[in-house]
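Residue numbers (the working numbering): 133 to 714.
The C-beta atom is built at its ideal place from N, Cα and C for all residues, glycine as well.
Predicted model only: the values in this text are computed from it and were never measured.
So the structure is just underneath, and the comments pick up after that.
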Amino acid sequence: MMVAAIDFGTTYSGWAYSFRDQFIKDPTHVHAKVWSGGQLVSEKAPTTVLIEPDGKTFKAFGYEAEDVYAELAEAGEHRKWFYFRRFKMLLMDKIGLKRGLNIEDATGKELSAKTVFSMVIKYLKDDLLKECATRIAGIVQPNDIMWVLTVPAIWNDSAKQFMREAAMEAGLSSKQFKIALEPETASLFCRHLPLNRMIGETDISKMTPGSTYMVLDAGGGTVDITVHQVLEGGGLKEIHKASGGAWGGTKVDEAYRQFLISIVGDSVFQNFCNNHMDDYLEMTRDFEIKKRKFDPSPKRTAFGLDTEPSKTVIRFPVALKEMFENESHKDIQTAIKQTTLSEQITFSRDKLIVDARIIKSFFEEATRSIVDHVKMLFSKPALSDVSTILLVGGFSEAKMLQDAIKKEFTNRKYAVPHEAGLVVLKGAVVFGHDTGAISERIAKYTYGVAITTRFIEGEHDERYKVVDDDGNVKCNNIFSKHVQIGQSIQWNKSFQNEYHSPDSKASNVTIRLIATEKENPKYVTDPGCFKVGEMSVDVDTNVPYKDRKFIVIISFGDTEIHVKALEKSTGRETTCSLNCLG
């Protein structure tokens with residue numbers, strides 16, 4: 133069997149795979165594609181897709197999409213095409229996510245978000261299969277592949293379902309497909325990495341049962357944090373629910389963008405981006421390299437003296453300089469001298485030579501948000517024994533973030549894998565081979581279903597009092613709890629409650645799954661409650677009404693929620709499709 137993984141990131145995406153026999157010998161032996169664009173060579177490509185003017189035909193992905201779009205822009209033909217980049221964050225914190233959600237491209241034109249997401253997944257799937265056909269022709273059959281798609285652990289259930297449906301639309305089979313949570317896959321991969329493939333003070337692979345460590349997955353868009361405890365036998369147990377926020381590397385990119393705008397003005401910069409796309413691409417790719425290599429540490433001379441950190445040279449295209457000077461009627465050097473940063477910037481030909489203090493400022497908002505959140509987590513008594521912070525994800529390669537974590541949390545060790553930006557992707561392959569490796573997870577919410585029960589005077593709210601067709605007085609909107617927020621749930625563990633059909637004439641019952649951050653809600657209408665999804669259960673109307681009972685069984689211990697219903701009178705089991713999308 134082969135496991136193939138797709139890491140669909142905010143800024144970069146890629147694929148990787150390994151065979152079962154390879155996994156058994158060495159779980160870290162995972163093959164990932166190498167992509168290239170300009171000076172950049174990487175094992176993931178920009179999450180950028182170009183779609184033809186008909187809105188239906190895929191044209192290009194990644195670096196190729198950027199280059200083709202730049203050529204179209206130079207010819208003035210780009211406005212008819214659909215160009216999307218960094219669109220994954222659209223699904224972040226989206227309560228009430230709808231299937232019909234549209235997404236705007238670079239010029240404001242809309243397409244179905246499902247179409248755009250599925251095109252990217254399909255391209256990555258087909259690209260992987262194409263390479264397999266070249267490298268290992270005839271060895272792999274479609275039924276031999278288990279596909280894994282990564283998502284942030286902090287995403288809600290509707291966003292996960294959206295990605296699952298996009299994957300199905302891309303041609304993946306639901307029976308050969310798993311959703312994986314990004315910090316979990318990184319954690320699994322690092323548990324197999326020897327110390328010589330890590331930076332830091334801790335060998336994650338040698339941690340003994342009972343040891344705990346925090347996984348801080350800092351990607352391009354999101355920062356996803358979870359805490360794992362090592363179990364007997366090497367498995368992992370989540371001891372705090374996933375948390376985080378939109379504090380990824382794109383915050384640094386936005387700060388850089390605002391820095392350039394502060395020099396040339398918003399209108400000039402927008403015109404430059406629109407009319408000189410090739411120069412803009414080269415400039416952003418150049419900054420990506422500088423961002424990864426930037427080291428804020430003082431440099432030590434041969435005599436042992438510390439000097440100021442090196443200045444950073446940033447590409448400043450001639451076209452941008454000329455556009456500014458033509459519109460403002462002053463040269464760029466004069467403009468720089470008139471800014472508050474004049475002593476920290478020097479202009480030379482097509483370069484900006486920038487003081488380290490400015491580059492450091494680009495990282496401040498993101499690193500401050502991350503550090504503050506980690507401090508909040510460590511204030512919780514349940515996390516007092518966490519010994520190590522494991523930094524993973526592309527943004528964790530930034531020395532600025534590493535230094536901020538080391539400086540703030542001196543009483544804890546840290547570790548960063550050499551391939552920090554790849555461990556989520558490669559770990560997703562490991563997860564596909566061993567889906568039960570995370571043996572316990574923490575419930576992010578209190579989950580329950582909305583039910584109707586016998587009305588009790590003095591206990592139930594009169595607003596929800598109803599009389600059914602048979603004259604029975606009942607209470608609607610009762611929250612019937614299945615699992616409580618913070619509860620530890622074993623992998624594949626299910627929770628069941630018995631219910632009675634609320635209506636003697638109904639041939640099916642719609643059950644609404646509700647979630648809240650409260651521990652013991654009474655009604656599904658209580659503040660903070662929201663609908664996760666709903667499911668339909670068939671009821672046998674030939675059975676006497678008093679016997680029309682069914683058991684709803686919900687499994688929460690996996691990366692997704694699974695639901696099934698059992699009719700008590702007939703023993704008939706129905707696997708319900710939990711619809712989390714509007």
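- Distance from the CA of M251 to the CA of S305, rounded to the nearest whole angstrom, comes to 16 Å.
- A direct Cα-Cα distance of roughly 28 Å separates F216 from T691.
- Under DSSP, the beta-bridge partners assigned to Y215 are L182.
- In the three-state reduction of the DSSP assignment, Q470 falls in the coil class, being assigned neither a helical nor a strand state.
- Considering only S633, P315, T317, the residue with the shortest C-alpha distance to R586 is S633.
- DSSP places V669 inside the beta strand (DSSP E), whose first and last residues are 662-670.
- Counting the other CB atoms within 10 Å of its CB gives T702 a total below 16, which places it among the exposed residues.
- In this structure, F611 lies near G580, with their beta-carbon atoms less than 8 Å apart.
- In the structure shown, the three-state DSSP call for F479 is strand.
- I286 is a Cβ neighbour of T354, given a cutoff of 8 Å.
- Residue burial is scored here from C-beta neighbours: E420 has at least 16 other C-beta atoms within 10 angstroms and is therefore classed as buried.
- Residue state for D566 is assigned as coil, using DSSP reduced to three classes.
- Taking C-alpha positions only, A387 is separated from F494 by approximately 5 Å.
- In this structure, the CA atom of L554 is about 16 Å from the CA atom of N328.
- With a cutoff of 8 Å on beta-carbon distance, Y577 and T648 are scored as near each other.
- Excluding its 5 nearest sequence neighbours in each direction, D410 has C-beta neighbours in its own chain below 7 Å: A202, E206, listed in chain order.
- Runs of the alpha helix (DSSP H) lying entirely within the region 523-567, each at least 4 residues long, are 531-540, 555-565 in chain order.
- At a Cβ-Cβ threshold of 8 Å, G194 and K257 do not count as neighbours.
- Between the region 452-470 and the region 342-353, the count of C-beta pairs closer than 8 Å stays below three; the two stretches do not touch.
- Nearest to I268 by C-alpha distance, out of Y149, E236, A378, E591, is Y149.
- A contact between stretches requires three or more CB pairs, one per stretch, nearer than 8 Å, and the region 391-406 fails this requirement with the region 591-610.
- Following the DSSP letters along the chain, one finds K654 in no beta strand (DSSP E), marked with neither H nor E.
- Uninterrupted beta strand (DSSP E) stretches at least 3 residues long and entirely within the region 198-262 occur at 214-217, 234-236, 242-244, given in chain order.
- Of the candidates Q534, V556, N403, A560, the residue whose Cα lies closest to the Cα of V548 is Q534.
- Assigned with DSSP and collapsed to three states, V272 falls in coil, not helix or strand.
- Annotation: A192 to L413 spans about 16 Å, alpha carbon to alpha carbon.
- For R644, the enclosing beta strand (DSSP E) covers residues 640-648.
- Sequence-distant Cβ neighbours of R424 in its own chain, meaning closer than 8 Å and more than five residues away, are E529, A530.
- Annotated three-state conformation of S290 is helix, per DSSP.
- By the neighbour-count definition (other C-beta atoms within 10 Å, threshold 16), G141 is a buried residue.
- Remark: three or more beta-carbon pairs, one from each stretch, lie closer than 8 Å, so the region 558-568 and the region 152-171 are flagged as touching.
- The continuous alpha helix (DSSP H) containing C405 extends over residues 398-407.
- In summary, H461 is exposed, with fewer than 16 beta-carbon neighbours lying within 10 Å of its beta-carbon over all protein chains present.
- Residues F587, V599 of the same chain have their beta carbon placed closer than 6 Å to that of V605, with the five preceding and five following residues left out of the count.
- In this structure, T382 sits away from P315, with a CB-CB distance that is not shorter than 8 Å.
- Around the CB of V173, fewer than 16 other CB atoms lie within 10 Å, so the residue is classed as exposed.
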